[in-house]
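Novice: Numbering (this note's numbering), first residue to last: 23 to 98. Virtual Cβ for every residue (Gly too), placed ideally from N, Cα, C. Sharing a structure with you now.
Written out as structure tokens, the structure reads:
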């Protein structure tokens, strides 16, 4: 930050707009360079398939503690 600016309130709106544009362009460029869309899709895919065993385990534990009818019935 420049020493002549004491507070962020003193920065002009055009300066904020210019900085926002630069940050947005750099962020989008880095997202594309690092293949963020592909990594996001892979994360969603693995999350989906990792939740199924956890759900089965949770139902099995609920069936053990509360009985099979409570575990298989509709949620309240």
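How is residue 34 classed by DSSP in three states: helix, strand or coil?
Specialist: Coil, per DSSP.
Novice: Quick check: the Cα distance between residue 77 and residue 44, rounded to an integer number of angstroms?
Specialist: Taking the straight line from one Cα to the other gives about 44 Å.
Novice: What's the C-alpha gap between residue 58 and residue 38?
Specialist: The straight-line gap from Cα to Cα measures roughly 26 Å.
Novice: Rounded to whole angstroms, what is the Cα-Cα separation between residue 81 and residue 72?
Specialist: One C-alpha to the other measures close to 15 Å.
Novice: By Cβ distance, which residues of its chain are closer than 8 Å to residue 62, with the 5 residues on each side in sequence left out?
Specialist: Result list for residue 62: empty, nothing under 8 Å.
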